[in-house]
Amino acid sequence: MITALAGKRVVICAGAGGVGKTTTAAAVALGLAADGARVAVVTIDPARRLANALGLDSLENEPLRVDAHRLAGHGVEVSGELWAMTLDPKRTFDELIAHLAPDEQSARDVLDNRIYAQLSGAVAGSQEYTAMAKLYELARDGRFDVVVLDTPPSRNALDFLDAPDRLAGFLEGRALRAFLAPTGLAARVVGRGTSVVLGALSRVTGVELLDDLSAFFGSLGGLLAGFSERVAGVKQLLTDPATTFLIVASPQREPVEEAIYFGEKLRAAGMPFGGLIVNRVHDHTRGHLPALRAPLAAKVVAAAAEMDSLAQRDAAAIARLQLALAADVVAVVPHLAGSVHDIDGLAAVRRHLFCG
Amino acid sequence: MPDLLDRDLVVVTGKGGVGKSTVAAALGVAAARRGLRVVVVEVGARSDTLRLLQGSAVDHVSVTPRDAMEEYLQDQLPRAVAELLSRSGTFSAFVEATPGMNELLTIGKVWELAAPRRRLPGAQPYDVVVLDAPASGHGLALLGAPRTFSDAARVGPIHRQAGLIGATLGDPSLTAVVAVALPEETPVNETLELRLALRERMGLELALVVVNGVAADRFDGGEAAELAALGAPAGSPVAAALWAHARARGQRGQMRRLRAGLDHPPVRLPFLAAGIDAAAIGRFADRLKRAL
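Protein sequences appear in the order of chains A and B.
In this text, residue positions in the first sequence follow the numbering used here: the first is 1, and each later residue adds one.
In this text, residue positions in the second sequence follow the numbering used here: the first is 1001, and each later residue adds one.
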């Protein structure tokens, strides 16, 4: 895994929900920091215990440095710097608006707009948009050598790849603005036809909602150039040679299929695939059964048989993943019986990722 | 309170990867065995439950915002006008530009499927619709979209439509929310958070919590100590037994934590090393039926 990450400035961990993306992202960041890099990891929704362990429970929406002594207490020597944060989508959005607005009044107009206030917090995809925005911001910030991103717990990892375009669609209101503006492009080009279309649109949406949206897009006017630039920047960042995607999977049916699908989409989009991480892998048992009382021996045999059947399933899943993704770099993390939601757990995962 | 399967809509949600589709399929099969006309609905062109429903009398529908949008226009407008609006791309531009509109259209289609009188011409009503919803955060956004829109659009057709859908979703005699979890740290946290968020934002209580993947613990404390004392090397059969015991013990701790945060005990479904197929879904349906 180390070679796949050499020289990378952005590492994005992607995969289906429940495969251990957050832990993997944190362990990758820990490993890179241990090797001397200044690393920031952005997590989306860490387990509370992991958050406490890393100091991720801060509400700053900015990376905070993880105390090296705290890590050293668990036998992890970090010669670089580990910074960590949990993404606050609503706040990231508000900050983006404030940052891109030409002046304070324009920012207020957007932030106080009814539609924005009602809808910005409720957008299902807001984690995807905002994770991208934060990634871009931190990648350009000179404080970090590497930014590691945990992707949102989307049912479809693809939402994440589409995020820049959807961000553009959402914020620019592209086609719709043209229709709504009194002197809009559509009115000029289509002429009379437009009024029929607009009439039909207002019949199904209501004039008031269209007016409110129109006011919202109007208030965004001064920010649009900045948004377009930002979207172009994010797209460029995703295809940059110094960016890499790690696909995280567990050896079950759905995560495997999703990982393969995601890998194909990455390739089609020209985005760099850096390696495959398979979590929760079981290993075949080896060796003989010691002399035990018959009932206990039978139970041990049953437990070992279950382990072997899982190991067989996992080996088949890994072979399928490796073939389908043409993955040269594969890291396998065993299914740890204990919790991985503390620094000891992270250190254990890191050993498998970096020393395996 | 009516039985889970007596409601119009049963929404199954939970953290990603916890086996929501398994539970949705099993609830569908349980309803079909009761003689109910039932459909399992997935959103966003997914069909995870299709394989699990093979050989059952359960219908399956995958709702995409695109189809939901076309159908909404056909329902609201004269045919020619609906087609004009659809062809011009104006409505899809409106949907694309309006945050949360995709979710509203999607849940609107689910609501249409669950309605006692279907709006779709010629469509027969279902006794119960089981929604295999997206993971908690997205699932809540989906459920909350009608309420958001009936507030955001103060008047007009979207306001009215959203109000109707929201009224069904917010009525516990019509809609039940089922949370699915695993006996692990994050899924348990997310279930407890979902319970609070559901209450706060929708005024709904979880109708049922199902825990998937509960492993059998073959060993008692004494046996485990006996095995540990052997000092067996990693990878040996005894180490596998101790690993299974440690995992089961961890799961028990998580189950206790979950139980402490709920009003009713969750239903447990066993871990199956061989994976889950249509036959396993049949057994899970029995298990759920006994719990309902």
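Glycine included, every Cβ here is placed at the ideal spot set by N, Cα and C.
query: DSSP state of alanine 1278 of chain B, grouped into three classes?
result: Taking the first residue of the second sequence as 1, we reach residue 1278 of chain B at position 278. DSSP places alanine 1278 of chain B in the helix class (H, G or I) of the three-state scheme.
task: Check the C-beta distance from alanine 4 of chain A over to cysteine 13 of chain A and give it rounded, since I have them as a contact under 8 Å.
output: What you label residue 4 of chain A is simply residue 4 of the first sequence in a count that begins at 1. What you label residue 13 of chain A is simply residue 13 of the first sequence in a count that begins at 1. In this structure, alanine 4 of chain A and cysteine 13 of chain A do not form a Cβ contact; the two beta carbons are roughly 13 Å apart against a cut-off of 8 Å.
- prompt: Counting only beta-carbon atoms, is alanine 1153 of chain B nearer than 7 Å to chain A?
  reply: Along the second sequence, read from residue 1 onward, the residue named residue 1153 of chain B stands at position 153. Yes, alanine 1153 of chain B counts as interfacial toward chain A.
field: Beta carbon proximity, threonine 1013 of chain B to chain A, threshold 7 Å
entry: Residue mapping note: residue 1013 of chain B aligns to position 13 of the second sequence, counting from 1. By this cut-off, threonine 1013 of chain B is not an interface position.
query: For the region 1004 to 1088 of chain B, which segments carrying the alpha helix (DSSP H) assignment without a break, of at least 4 residues, lie completely within its bounds, in sequence order?
result: List check, alpha helix (DSSP H) in window: 1020 to 1033, 1065 to 1076, 1079 to 1088.
Touch test, the region 1246 to 1255 of chain B against the region 1213 to 1222 of chain B, Cβ-Cβ under 8 Å, three pairs minimum: Contact between the region 1246 to 1255 of chain B and the region 1213 to 1222 of chain B is present, because at least three Cβ pairs lie under 8 Å.
query: With a Cβ-Cβ cutoff of 7 Å, do valine 10 of chain A and alanine 139 of chain A count as a contact?
result: If you number the first sequence from 1, residue 10 of chain A lands on position 10. If you number the first sequence from 1, residue 139 of chain A lands on position 139. Taking 7 Å as the cut-off, the beta carbon of valine 10 of chain A is found closer than this to the beta carbon of alanine 139 of chain A.
field: Distance, leucine 353 of chain A Cα to alanine 27 of chain A Cα
entry: On the first sequence, position 27 is the one that residue 27 of chain A refers to. On the first sequence, position 353 is the one that residue 353 of chain A refers to. In a straight line, the C-alpha of alanine 27 of chain A is about 8 Å away from that of leucine 353 of chain A.
- request: Label arginine 230 of chain A either buried or exposed according to how many other C-beta atoms from any shown protein chain fall within 10 Å of its C-beta, with 16 as the threshold for buried.
  value: To locate residue 230 of chain A, count along the first sequence from 1; it is residue 230. Buried, because 16 or more other Cβ atoms sit within 10 Å of the Cβ of arginine 230 of chain A.
message: What would DSSP say about alanine 1207 of chain B, mapped onto helix, strand or coil?
response: Numbered from its first residue, the second sequence carries residue 1207 of chain B at position 207. Note: alanine 1207 of chain B maps to strand in three-state DSSP.
query: Can you tell which of B:Glu1042, B:Gln1054, B:Ala1082, B:Glu1226 has the C-alpha that lies nearest to the C-alpha of proline 1065 of chain B?
result: In the second sequence, the residue the question calls residue 1065 of chain B occupies position 65. Between proline 1065 of chain B and the set B:Glu1042, B:Gln1054, B:Ala1082, B:Glu1226, the nearest pair of CA atoms involves B:Glu1042.
field: For glycine 15 of chain A, three-class secondary structure by DSSP
entry: Counting from one through the first sequence, the residue named residue 15 of chain A turns up at place 15. Coil, per DSSP.
query: Would you call the CB atoms of serine 1136 of chain B and glutamate 1190 of chain B closer than 7 Å?
result: Working through the second sequence from its first residue, we reach residue 1136 of chain B at position 136. Working through the second sequence from its first residue, we reach residue 1190 of chain B at position 190. The answer is yes: Cβ separation under 7 Å.
Assigned secondary structure, phenylalanine 245 of chain A (DSSP; H/G/I helix, E/B strand, else coil): The residue you call residue 245 of chain A lines up with position 245 of the first sequence. Here phenylalanine 245 of chain A sits in strand by DSSP.
message: alanine 40 of chain A and tryptophan 83 of chain A - do their beta-carbons sit closer together than 7 Å?
response: For this step, residue 83 of chain A is matched to residue 83 along the first sequence. For this step, residue 40 of chain A is matched to residue 40 along the first sequence. Yes, these two residues count as a Cβ contact at 7 Å.
field: Proximal chain B residues relative to alanine 294 of chain A, where beta-carbon distance stays under 7 Å
entry: Here residue 294 of chain A refers to the residue found at position 294 when the first sequence is read from its first residue. Within chain B, no residue comes near alanine 294 of chain A; the closest Cβ sits about 13 Å away, beyond 7 Å.
- prompt: Among the residues of its own chain, which have a CB less than 8 Å from the CB of methionine 271 of chain A, if the five just before and after it don't count?
  reply: For this step, residue 271 of chain A is matched to residue 271 along the first sequence. Sequence-distant Cβ neighbours of methionine 271 of chain A in its own chain, meaning closer than 8 Å and more than five residues away, are Leu161, Leu238, Thr239, Thr243, Phe245.
- prompt: When the Cα atoms are used, what is the spatial distance from leucine 1288 of chain B to alanine 1030 of chain B?
  reply: For the purposes of this step, residue 1288 of chain B is taken as the residue at position 288 of the second sequence. For the purposes of this step, residue 1030 of chain B is taken as the residue at position 30 of the second sequence. Roughly 7 Å separates the two Cα atoms.
query: Once you ignore the five residues that flank valine 1238 of chain B on each side, which residues in its own chain have a CB closer than 8 Å to its CB?
result: Position 238 of the second sequence, counted from the first residue, corresponds to residue 1238 of chain B. Correct list, in chain order: Leu1227, Leu1230, Ala1232.
- request: Compare the Cα-Cα distances from alanine 107 of chain A to each of A:Val66, A:Ala331, A:Glu95, A:Gly73 and report the closest residue.
  value: The residue given as residue 107 of chain A occupies position 107 in the first sequence. It is A:Glu95.
is_contact[glycine 222 of chain A, chain B] using C-beta, thresh 7 Å: Numbered from 1 along the first sequence, position 222 holds the residue referred to as residue 222 of chain A. Closer than 7 Å: no.
task: For leucine 1230 of chain B, go through chain A and note every residue whose CB falls closer than 7 Å to its CB, in chain order.
output: For the purposes of this step, residue 1230 of chain B is identified with residue 230 of the second sequence, where counting begins at 1. By Cβ distance, chain A contributes Pro290.
- request: For my contact list, alanine 1024 of chain B and valine 1177 of chain B are in at a C-beta cut-off of 8 Å; report their separation, rounded to the angstrom.
  value: Against the second sequence, residue 1024 of chain B aligns to sequence position 24. Against the second sequence, residue 1177 of chain B aligns to sequence position 177. With a Cβ gap of about 12 Å, alanine 1024 of chain B and valine 1177 of chain B do not count as contacting.
Counted within 10 angstroms of its Cβ, other Cβ atoms place proline 1078 of chain B as buried (16 or more) or exposed: As a first step, residue 1078 of chain B must be located in the second sequence, where it is residue number 78. Exposed, since its Cβ has fewer than 16 Cβ neighbours within 10 Å.
message: By the three-class DSSP mapping on this structure, what secondary structure does alanine 1181 of chain B have?
response: In the second sequence, the residue the question calls residue 1181 of chain B occupies position 181. The answer is strand: DSSP assigns alanine 1181 of chain B an E or B state.
task: Note down, in chain order, each residue of its chain lying with its Cβ closer than 6 Å to the Cβ of leucine 1009 of chain B, except the 5 sequence neighbours on either side.
output: If you number the second sequence from 1, residue 1009 of chain B lands on position 9. If we look at leucine 1009 of chain B and ignore the five residues flanking it on each side, its Cβ neighbours are Ala1114, Val1129, Thr1175.
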